[in-house]
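Read through the structure below, which is laid out as structure tokens, and then see the notes.
2 protein chains.
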Amino acid sequence: MERESQLPLRNKVEAVTLPALSCVALCGGTHGNELSGIYLVQETLKNKRKGEAMEAVTVVTVISNPRAVQQRVRYTETDLNRCFTYAMLSAPVSERTPYEIIRSQELNSLLGPKGSGQAVDLICDLHNTTANMGLCLITYADSDWICLHICKHLQREMATIPVRYIHYDIPLSEAFSLESVGKHGFAMEIGPQPHGVIRSNIFTAMQEAVHLMLDWVRLFNSGTQFDEGSVDVYTMVKNIDYPRDPYTHNITAAVHPELQDRDFCLLYPGDPIFLSFSGEILRYKGKEPLYPFFINECAYYEKGVALLLARKSKVKIPAIQCSRA
Amino acid sequence: MERESQLPLRNKVEAVTLPALSCVALCGGTHGNELSGIYLVQETLKNKRKGEAMEAVTVVTVISNPRAVQQRVRYTETDLNRCFTYAMLSAPVSERTPYEIIRSQELNSLLGPKGSGQAVDLICDLHNTTANMGLCLITYADSDWICLHICKHLQREMATIPVRYIHYDIPLSEAFSLESVGKHGFAMEIGPQPHGVIRSNIFTAMQEAVHLMLDWVRLFNSGTQFDEGSVDVYTMVKNIDYPRDPYTHNITAAVHPELQDRDFCLLYPGDPIFLSFSGEILRYKGKEPLYPFFINECAYYEKGVALLLARKSKVKIPAIQCSRA
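Chain order of the listed sequences is A and B. Residues in the first sequence are numbered consecutively from 1, following my numbering. Residues in the second sequence are numbered consecutively from 1001, following my numbering.
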């Protein structure tokens, strides 16, 4: 049409090209009492299709901490998901080395080595939380276009559960969790679910998210271009511990009912955060409104964390396309 | 007034008289990862009033399983709350006897002996469940007027949470849990709360219920007559296990989303109870509609119990009064 041809030509957006994701690791049981990922990995193993050799992507399934899974505990000697720093992955092993450190080095051999060209292309490590966080992808990067595009895909496609992107601003050498071993990687965290319990709705959401992620990877590998856009990223700023007795170190308050289950609802200075066992309200003393998450997560009592706080920013992501397509 | 005097005289109901409840034991931490009772007992200890010697009732506070509390686990070697049968309480002790059996015998010395005149008058053992059960008093008797009147009192006074009475029809000799050591006793079970987590609303409800129970005991001891009435009693009939793989014994399904959190909602033959990990619906095959409870309780996976089923009946309770008033 004449009028249109008179308009200035729009530059076609140049897509960033990235290598194919030939190998994806799907890991469950990094914490042995977070059941959704364990049963999902077992179920995926059962259903591995015969035609898999023809697939555009190889999916490796891993039960990360089989001893902890067997005992239905988070870990047996030390938290496996704090063992993937460069220092711990290269620590010498003796008879007294905790099982989980040995296991982290095994997993690094299997899926890494971390930071190398031999590492798997993408690690998806499946987790549950007692916090009301919906589905979160947790990463060490706010500029990993693969992870951000997968997040956008899940946000668009998942109807039953909110999907968010969390960023821990930690260099790769210090990055302590399993997903840091892959070329790309994220923890997929879903809650609320008590540890040691499986809730059908949470299992189904995780199953759907994993299917959607693998669909996305297949589309990407087959040459589909994904449009530019933006994703809200929650970058972790700090954490807050429970009030504790200075002598016994026992907690003296619970998360305030007005904060409990309100993950990702902006917390303002002066808002209640704890209600002490004797009935006293304790308030947020920070100067900046921030987004709370991992509110009252079971496993973080021992780590001295009642909740984490994040700043939200909108990250622009470029159009991407597989370089070999 | 003349008209009134012409009405036939109503027989004043004769109250059943029962001995005073001089000593009440408040126990927490029978399971070391059920946190409400642990913090409530610790808080009660802190606040023991100076004028207590003047009180109409002595309250003994007990942390039942201190080792498990320390480790934040249900138990260390065997479930303490299955160790109070006559057989286990009189079992010989050797170096290889599990800690919890030794501890049950200590608690029997402290609060019992079970079945004897020296036992404490009332044991209230504080528990949490991951099931959506509200507040339940769990007992071995459907004709313990003390427990039933306390239940009625809580049902009348507690605004925020439903209160129900559960009856396990087991003779005293076989009764396996701590409350069976007292002359009267019940487990006070509150949920939903993940094990290893404390939720403020659940803590507050338990605190209120304990205060109301002690208020009732004081009124009873001071001679107040409590009117006759009735209480709905849920008597345990049977339990249902998760579907399991015959070889690995791993569960192959989760509680169906339509049953999850519907404790005490009548389950009819044909209703869905499980959704398998591959998407198949499994239905209730019983012939009689029954009331499910302890649906998807974390600690019962290892016991082979996905839910319990109860029959409901209305139990008439007489007016009661303290015999020494």
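Just so you know, even glycine gets a beta-carbon here, dropped at the ideal spot from N, CA and C. Remember, predicted model here, so these are calculated numbers, not experimental data.
Anyone know if the C-beta pair for B/Gly1032 and B/Ala1087 falls short of 7 Å?
Residue 1032 of chain B sits at position 32 when you count from the first residue of the second sequence. Residue 1087 of chain B sits at position 87 when you count from the first residue of the second sequence. Pairing B/Gly1032 with B/Ala1087 gives a Cβ-Cβ distance that is not under 7 Å.
Using a Cβ-Cβ cut-off of less than 7 Å, give me the residues of the segment 1183–1211 of chain B that come near chain A, in sequence order.
If the cut-off is 7 Å between Cβ atoms, the segment 1183–1211 of chain B has Pro1194, His1195, Gly1196, Val1197, Ile1198, Arg1199, Ser1200, Asn1201, Phe1203 near chain A.
What whole-angstrom Cβ distance do B/Pro1243 and B/Phe1274 have, given they're in contact under 8 Å?
Locating residue 1243 of chain B in the second sequence gives position 243, counting from the first residue. Locating residue 1274 of chain B in the second sequence gives position 274, counting from the first residue. Yes, B/Pro1243 and B/Phe1274 are in contact; Cβ-Cβ is about 6 Å, under 8 Å.
Can you pull the chain B neighbours of A/Pro66, defined as C-beta to C-beta under 8 Å?
Stepping through the first sequence from its first residue, residue 66 of chain A is reached at position 66. By Cβ distance, chain B contributes nothing, its closest Cβ being about 13 Å from A/Pro66, past 8 Å.
Please check if any C-beta of chain A sits within less than 7 Å of the C-beta of B/Tyr1277.
Translated into the one-based positions of the second sequence, residue 1277 of chain B becomes position 277. Note on residue identity: the sequence assigns Phe, not Tyr, to residue 1277 of chain B. At a cut-off of 7 Å, the C-beta of B/Phe1277 has a neighbouring C-beta in chain A.
Do the segment 1071–1081 of chain B and the segment 1027–1042 of chain B meet, that is, are 3 or more Cβ pairs less than 8 Å apart?
Result yes; three or more Cβ-Cβ pairs closer than 8 Å.
B/Leu1021 versus B/Ala1015: straight-line alpha-carbon distance, rounded
Working through the second sequence from its first residue, we reach residue 1021 of chain B at position 21. Working through the second sequence from its first residue, we reach residue 1015 of chain B at position 15. The straight-line gap from Cα to Cα measures roughly 17 Å.
Using a Cβ cut-off of 9 Å, which residues of the segment 1298–1318 of chain B contact any Cβ in chain A, in chain order?
The segment 1298–1318 of chain B vs chain A, Cβ under 9 Å: Cys1298, Ala1299, Tyr1301, Glu1302.
Are the segment 1137–1150 of chain B and the segment 1111–1118 of chain B touching, with three or more C-beta to C-beta distances below 8 Å?
In short, these stretches do not touch, since the Cβ pair count stays below three.
Cβ of B/Asn1221 within 7 Å of any chain A Cβ
As a first step, residue 1221 of chain B is located in the second sequence; it is residue number 221 there, counting from the start. For B/Asn1221, the answer is no, since every Cβ of chain A falls outside 7 Å of its Cβ.
Beta carbon of A/Thr61, beta carbon of A/Leu26: below 7 Å?
Indexing the first sequence from 1 puts residue 61 of chain A at position 61. Indexing the first sequence from 1 puts residue 26 of chain A at position 26. The answer is yes: Cβ separation under 7 Å.
If I follow the unbroken beta strand (DSSP E) through B/Thr1204, where does it start and stop?
The sequence position of residue 1204 of chain B within the second sequence is 204, counting from 1. For B/Thr1204, there is no enclosing beta strand (DSSP E); the enclosing alpha helix (DSSP H) covers residues 1200–1221.
Segment limits, alpha helix (DSSP H) that includes B/Tyr1234:
Indexing the second sequence from 1 puts residue 1234 of chain B at position 234. Judged by DSSP secondary structure, B/Tyr1234 falls outside any alpha helix (DSSP H) and instead within the beta strand (DSSP E) spanning 1229–1240.
Nearest chain A C-beta to B/Pro1246 closer than 7 Å, yes or no?
The residue you call residue 1246 of chain B lines up with position 246 of the second sequence. So no, B/Pro1246 is outside the interface.
Answer yes or no: does any C-beta atom of chain B fall closer than 7 Å to that of A/Pro113?
For the purposes of this step, residue 113 of chain A is taken as the residue at position 113 of the first sequence. Output row for A/Pro113: interface = no.
Beta-carbon contacts of A/Glu297 that lie in its chain and below 7 Å, excluding the five residues immediately before and after
Numbered from 1 along the first sequence, position 297 holds the residue referred to as residue 297 of chain A. Taken in chain order, the residues that qualify are Thr129, Thr130, Ala131.
Contact set between A/Pro257 and chain B, taken where Cβ atoms lie within less than 7 Å:
For this step, residue 257 of chain A is matched to residue 257 along the first sequence. Going along chain B in sequence order, the residues near A/Pro257 (Cβ under 7 Å) are Ser1200, Asn1201.
When DSSP builds the beta bridges, which residues end up paired with A/Gly308?
To locate residue 308 of chain A, count along the first sequence from 1; it is residue 308. Checking the sequence shown, residue 308 of chain A turns out to be Leu, not Gly. A/Asn239, A/Phe293, per the DSSP bridge assignment.
Compare the C-beta of B/Ala1131 against all C-beta atoms of chain A and say whether one is closer than 7 Å.
Along the second sequence, one-based indexing puts residue 1131 of chain B at 131. Taking Cβ atoms only, chain A never reaches closer than 7 Å to B/Ala1131, which makes this a no.
Where B/Met1158 sits in the DSSP three-state scheme:
Within the second sequence, the letter at position 158 stands for residue 1158 of chain B. Coil.
Taking 7 Å as the CB-CB cut-off, is B/Ala1254 touching chain A?
Locating residue 1254 of chain B in the second sequence gives position 254, counting from the first residue. Cβ-Cβ to chain A under 7 Å: yes for B/Ala1254.
At a CB-CB cut-off below 7 Å, which residues of chain A make contact with B/Glu1280?
Position 280 of the second sequence, counted from the start, is the residue given in the question as residue 1280 of chain B. Result: empty, since nearest Cβ-Cβ is about 12 Å, beyond 7 Å.
So within the segment 47–130 of chain A, which uninterrupted beta strand (DSSP E) runs reach at least 3 residues, ignoring any that extend past its ends?
Qualifying beta strand (DSSP E) stretches, in chain order: 58–63, 122–128.
For B/Tyr1291, which residues in chain A fall below 9 Å Cβ to Cβ?
For this step, residue 1291 of chain B is matched to residue 291 along the second sequence. For B/Tyr1291, none of the residues of chain A pass the 9 Å Cβ criterion, the least Cβ distance being about 21 Å.
Members of the segment 1012–1039 of chain B that neighbour chain A once the beta carbon cut-off is set at 8 Å
Residues of the segment 1012–1039 of chain B with a Cβ closer than 8 Å to any Cβ of chain A, in chain order: Tyr1039.
Quick check: the Cα distance between A/Leu328 and A/Asp227, rounded to an integer number of angstroms?
It is not possible to answer for residue 328 of chain A, since the shown part of chain A is limited to 1 through 325.
Could you tell me the alpha carbon to alpha carbon distance between B/Glu1302 and A/Val197, rounded to whole angstroms?
Walking along the second sequence from the start, residue 1302 of chain B turns up at place 302. Walking along the first sequence from the start, residue 197 of chain A turns up at place 197. So the two alpha carbons sit approximately 11 Å from each other.
Please classify B/Cys1147: does DSSP put it in a helix, a strand, or coil?
The sequence position of residue 1147 of chain B within the second sequence is 147, counting from 1. B/Cys1147: helix per DSSP, three-state reduction.
Tell me whether A/Leu172 is buried or exposed, calling it buried when 16 or more other Cβ atoms sit within 10 Å of its Cβ.
As a working mapping, residue 172 of chain A is identified with position 172 in the first sequence. So A/Leu172 counts as exposed.
Can you tell me which residues form a DSSP beta bridge with B/Met1133?
Taking the second sequence and counting its residues from 1, one reaches residue 1133 of chain B at position 133. Answer by DSSP bridge pairing: none, since B/Met1133 is not bridged.
Give a yes or no on whether 7 Å exceeds the smallest Cβ distance from B/Asn1296 to chain A.
Against the second sequence, residue 1296 of chain B aligns to sequence position 296. True, the Cβ-Cβ gap to chain A drops below 7 Å.
By alpha-carbon positions, which one of B/Pro1269, B/Arg1096, B/Leu1110 ends up nearest to B/Lys1285?
Residue 1285 of chain B sits at position 285 when you count from the first residue of the second sequence. It is B/Pro1269 whose Cα lies nearest to the Cα of B/Lys1285.
Anticipated Cβ contact below 8 Å, A/Leu111 with A/Val231, distance rounded
In the first sequence, residue 111 of chain A corresponds to position 111, counting from 1. In the first sequence, residue 231 of chain A corresponds to position 231, counting from 1. In fact, because the Cβ distance is near 25 Å, the residues do not count as touching under 8 Å.
Could you pull out every residue in the same chain whose Cβ sits closer than 7 Å to the Cβ of A/Ser104, ignoring the five residues on either side in sequence?
Walking along the first sequence from the start, residue 104 of chain A turns up at place 104. Taken in chain order, the residues that qualify are Leu80, Cys83, Phe84, Met88, Leu89.
Kindly list, in the order they appear in chain B, the residues whose Cβ is closer than 8 Å to that of A/Gln260.
Taking the first residue of the first sequence as 1, we reach residue 260 of chain A at position 260. Per Cβ cutoff of 8 Å: Arg1199, Ser1200, Asn1201.
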